[in-house]
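For reference, the structure discussed in these notes is given below.
Numbering (my numbering), first residue to last: 91 to 189.
Pasting the structure below:
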């Protein structure tokens, strides 16, 4: 079952929608997942929200999500989770976030 509650969206400071990895996993093999992902991206775009797809593991998923204009992609296709020290070693200096 999939439930989507958008009625109270105007009362909440929602700035992004995240597509669960279970939809991304079946994106290429299941027409219903493909249709839902495309619709979620369209809803996010029309509501001026960023859309994040999690669980991207293949170049084919990456290409399909970019074709659908998904804003942000997360997953092992890009990198595995890293400890902070490994992240700094790979990508640069550690910066303190403003509070």
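The beta-carbon is built from N, C-alpha and C at its ideal position, and this holds for glycine as well.
Among the options, the one whose alpha carbon lies nearest that of residue i
| i | options | result |
| --- | --- | --- |
| residue 161 | 139, 120, 182, 103 | 139 |
| residue 167 | 126, 137, 144, 112 | 144 |
| residue 111 | 174, 183, 148 | 148 |
| residue 157 | 181, 124, 174 | 124 |
Distance CB(residue i)-CB(residue j) smaller than 8 Å
| i | j | result |
| --- | --- | --- |
| residue 72 | residue 150 | Here the chain has residues from 91 to 189 only, and residue 72 is not among them. |
| residue 72 | residue 163 | This structure leaves residue 72 out entirely; the chain is present only between 91 and 189. |
| residue 165 | residue 142 | no |
| residue 159 | residue 136 | no |
Q. Is the stretch 100-119 touching the stretch 127-140 in the sense that three or more CB pairs, one from each, lie closer than 8 Å?
A. yes
**Q.** alpha helix (DSSP H) runs wholly inside the stretch 131-189, at least 4 long, in chain order
**A.** 149-157, 174-181
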